[in-house]
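The listed protein sequences correspond, in order, to chains A and B. Numbering of the first sequence is given in the working numbering, commencing with residue 2 and proceeding in unit increments. Numbering of the second sequence is given in the working numbering, commencing with residue 2 and proceeding in unit increments. Glycine included, C-beta positions come from ideal geometry on N, C-alpha and C. Taking it in order: structure first as structure tokens, then the write-up.
2 protein chains.
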Amino acid sequence: MVITPKNPSESNREYAFRTISENIISLDIEPGSMIGEQEIATMLGLSRTPVHEALLELSKSKIVDILPQKGCLVSMIDSELIREARFLRITVETALVEDACELAKEEDLRLLEDNLELQEFYLVKDPLKLLTLDNEFHEIIYRICNKMQCHYMVSLMSMHFDRVRSLSLHSVKDLKIVSDHRAIFEAIKKKDPAAARAAFQKHMARFELDWNIISREYKKYIAEPSH
Amino acid sequence: MVITPKNPSESNREYAFRTISENIISLDIEPGSMIGEQEIATMLGLSRTPVHEALLELSKSKIVDILPQKGCLVSMIDSELIREARFLRITVETALVEDACELAKEEDLRLLEDNLELQEFYLVKDPLKLLTLDNEFHEIIYRICNKMQCHYMVSLMSMHFDRVRSLSLHSVKDLKIVSDHRAIFEAIKKKDPAAARAAFQKHMARFELDWNIISREYKKYIAEPSH
DNA sequence: TGCAAGTTACTTGTATGCTAGTAGGAAGTA
DNA sequence: TACTTCCTACTAGCATACAAGTAACTTGCA
């Protein structure tokens with residue numbers, strides 16, 4: 002478990018939530034492992050209460066599963082939940098990029114472009130940073146469309162998604178992701194909804210290929226189909 | 002505040018969450034009013050802890066606003082959040098009803114039809130029951146498409162929406178809502194995605210009219226635009 | 001050896017107590 | 001009257017204590 006210092010502006014509960022989330026997404030906490038409230042509380046120098054509340058929030062997206070009187074299970078990578086997270090993102094964000102063509106102001110375009118330049122800069126240097134920038138790029142689009150509450154809901158579910166992306170860093174595909182983002186940006190800039198939609202859907206389609214490879218390579222992390 | 006008995010299968014936290022939610026949606030707790038953890042805990046016969054956790058969850062959808070060291074503010078009816086909730090539902094469920102045309106089995110169609118018959122039965126008798134049935138109708142569609150996690154996320158946000166619907170019960174429009182549902186059902190039954198999509202969008206469009214009336218009639222409950 | 005009952009250690013759920021921060025009113029001052 | 005300062009009452013955040021349930025181990029018996 003990787004522990005970063007507590008940001009002074011965040012509450013203990015937020016600190017616990019952020020730390021646990023980051024470690025689950027980065028796979029520093031392994032899928033399928035059990036984590037105890039006390040254990041984490043001690044590591045973070047907190048009491049159980051804020052840790053308990055953080056785990057409660059995480060359990061809402063099913064990224065952890067609280068088993069009462071037993072413990073807290075970090076969920077296995079679950080293709081059904083990933084499918085849902087992906088469905089939600091594709092559906093919502095396809096609509097958003099179209100709207101963004103109308104709504105984006107000069108200032109918004111500048112934010113997107115700054116983000117893109119950072120993506121290009123970190124492309125070879127720091128793939129993990131790239132994942133953060135990727136998420137920020139999408140967040141800017143939510144902000145352009147005044148849909149930040151939707152963004153919160155979608156990103157909670159996207160954790161399932163992000164965890165798989167952590168497994169496929171450092172790959173050639175990163176290069177394509179950044180150029181996808183640029184294509185989406187250009188379409189918004191040109192106020193071309195159809196092009197934006199097409200670029201976005203091409204972008205999200207890449208994941209399907211990843212998943213086929215990863216689901217073979219990391220079987221130990223993948224949940225059995227339930228039925 | 003209306004208090005129903007605790008269901009034996011639910012935890013104290015779930016009981017608190019359900020009770021508070023119901024009272025906010027039904028407007029038995031007024032928009033803009035302050036509620037204290039202790040106050041609610043006493044009313045429900047619980048300690049502050051499960052109430053605190055319930056309020057925390059509600060605050061994630063911004064239906065309440067926790068002001069640290071001050072209290073918990075039940076949010077005013079906020080047209081921006083309603084717009085977001087509505088956007089999310091329309092976007093997601095439009096995609097779902099199309100998919101449902103392929104995925105719905107005989108058994109699913111029976112569930113939908115049973116629900117519809119109840120809607121028609123309660124149409125004149127109990128408009129509040131109708132709201133519950135309405136939500137259940139939509140939930141069945143999520144279930145048909147195996148998108149229950151999405152359903153959880155969307156329904157959290159839909160509370161903003163449901164609260165406004167509570168204000169417009171007993172109106173002639175109820176009749177149209179039920180016939181809308183039947184149109185959606187028939188389209189799914191005939192496996193006609195285009196018809197399902199059209200029927201659903203017609204259904205959701207009704208809200209716009211409601212909102213215009215209600216926002217004039219209940220000004221005391223409506224938040225000022227922030228800017 | 002194999003199995004069953006009892007015990008113990010450990011888990012989360014919940015209650016309670018303490019801390020720190022807010023708001024509003026009382027009292028004092030010009 | 002108008003303003004400032006202090007005090008009191010109240011809030012949620014958090015720590016801690018206890019309750020209740022689980023699971024694994026130990027013990028005893030056949």
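### Message
Between Cys73(A) and chain B, is the shortest Cβ-Cβ distance under 9 Å, so that the two count as touching?
### Response
no
### Task
Please check the pair Ile21(A) and Leu59(A), which I expect to be a contact at CB under 8 Å, by giving their CB distance rounded to whole angstroms.
6 Å
### Task
Pull up the CB-CB distance for Glu140(A) and His152(A), whole angstroms please, since I reckon it's below 8 Å.
With a Cβ gap of about 6 Å, Glu140(A) and His152(A) count as contacting.
### Message
Just verifying my parser: in three-state terms, what is the DSSP assignment at Arg75(A)?
### Response
In the sequence as presented, Arg is not what sits at residue 75(A); that position holds Val. Looking at Val75(A) - three-state DSSP - the assignment turns out to be strand.
### Task
Go to Ile67(A), then tell me how far its beta strand (DSSP E) extends in each direction, as first and last residue.
Val65 to Leu68
### Query
Where does Gln150(B) land, buried or exposed, given buried means 16+ other C-beta within 10 angstroms?
buried
### Query
Going along chain A in order, which residues have a C-beta closer than 8 Å to the C-beta of Leu47(B)?
By Cβ distance, chain A contributes nothing, its closest Cβ being about 16 Å from Leu47(B), past 8 Å.
### Message
At the level of alpha carbons, what is the spacing between Lys148(B) and Ser156(B)?
### Response
12 Å
### Task
Please determine if the stretch 50-69 of chain A and the stretch 98-107 of chain A are in contact, where contact requires at least 3 C-beta pairs separated by less than 8 Å.
no
#### Entry: Partners in chain B for Asn147(A), counting only beta-carbon separations shorter than 9 Å
Glu81, Arg84 and Glu85
### Message
On the criterion of 16 or more Cβ atoms from any shown chain inside 10 Å, does Lys63(B) qualify as buried, or is it exposed?
### Response
buried
#### Entry: Collapsed DSSP secondary structure at Met2(B) in the structure displayed
Of the three classes helix, strand and coil, the one that applies to Met2(B) here is coil, per DSSP.
### Query
For a contact meaning CB atoms closer than 8 Å, what does Lys63(B) contact in chain A?
Residues of chain A passing the Cβ test: Gln150.
#### Entry: Boundaries of the alpha helix (DSSP H) in which Glu40(B) is found, first to last residue
Glu38 to Leu45
### Task
Answer with buried or exposed for Arg166(B), where buried requires no fewer than 16 other C-beta atoms within 10 angstroms of its C-beta.
buried
### Query
Sorted by chain position, which residues of the same chain lie with C-beta nearer than 8 Å to Phe186(A)'s C-beta, five sequence neighbours on each side aside?
Leu110, Leu113, Glu114 and Leu117
### Task
Spell out the partners DSSP gives Ile223(B) in its beta bridges.
Ile78(B)
### Query
When the Cα atoms are used, what is the spatial distance from Asp66(A) to Ser216(A)?
21 Å
### Query
Roughly how many whole angstroms lie between the Cα atoms of Ile223(A) and Ile91(A)?
23 Å
### Task
Mind listing the chain A neighbours of Ala206(B)? Cutoff is C-beta to C-beta under 9 Å, in chain order.
Within 9 Å Cβ-Cβ: nothing; Ala206(B) doesn't reach chain A, min ~16 Å.
### Task
Mark Met35(A) as exposed unless 16 or more other C-beta atoms lie within 10 angstroms of its C-beta, in which case mark it buried.
exposed
### Of the residues Ile78(B), Ala105(B), Lys126(B) and Phe122(B), the one placed nearest Lys191(B), counting alpha carbons only
Ala105(B)
### Query
Along the chain, where does the alpha helix (DSSP H) that runs through Lys61(A) open and close?
In the DSSP assignment, Lys61(A) falls within the alpha helix (DSSP H) that extends over Arg49 to Lys61.
### Message
Distance check for Thr43(B) and Ala17(B), CA to CA, integer angstroms please.
### Response
11 Å
### Query
Ala96(B) touches chain A at which residues, Cβ-Cβ below 8 Å?
Phe88 and Thr92, listed in chain order.
### Opening and closing residue of the alpha helix (DSSP H) in which Asn136(B) lies
Counting along the chain, the alpha helix (DSSP H) containing Asn136(B) begins and ends at Pro128 to Ile145.
#### Entry: Through-space distance from Cys102(B) to Arg198(B), alpha-carbon basis
10 Å
### Query
So, are the CB atoms of Val93(A) and Gly33(A) less than 9 Å apart?
no
### Task
Could you name the residues of the same chain whose beta carbon sits closer than 8 Å to that of Lys61(A), not counting the 5 residues immediately before and after it, in chain order?
Counting only Cβ-Cβ distances below 8 Å, and skipping sequence neighbours, we find Leu157.
### Query
Is it true that the CB of Asp175(B) sits closer than 9 Å to the CB of Lys203(B)?
In this structure, Lys203(B) sits away from Asp175(B), with a CB-CB distance that is not shorter than 9 Å.
### Task
Return the residue from the list Gln120(B), Asp193(B), Glu11(B) and Met205(B) that minimises the CA-CA distance to Pro51(B).
The shortest C-alpha to C-alpha distance from Pro51(B) to any of Gln120(B), Asp193(B), Glu11(B) and Met205(B) is the one to Glu11(B).
### Message
Going by C-alpha to C-alpha distance, which of Arg183(B), Gly72(B), His53(B) and Lys177(B) sits closest to Leu210(B)?
### Response
Lys177(B)
### N- and C-terminal bounds of the alpha helix (DSSP H) containing Lys192(B)
Unbroken run through Lys192(B): none, as it is neither H nor E.
### Task
Tell me whether the beta-carbon of Asp163(B) lies closer than 9 Å to the beta-carbon of Ile26(B).
yes
### Message
Check for me: the alpha helix (DSSP H) holding Ala17(A) runs from which residue to which?
### Response
That run of the alpha helix (DSSP H) goes Asn13 to Ile26.
### Message
Give me the subset of the stretch 30-55 of chain B whose CB atoms are less than 7 Å from a CB atom of chain A, sorted by chain position.
### Response
So the close ones are Glu54.
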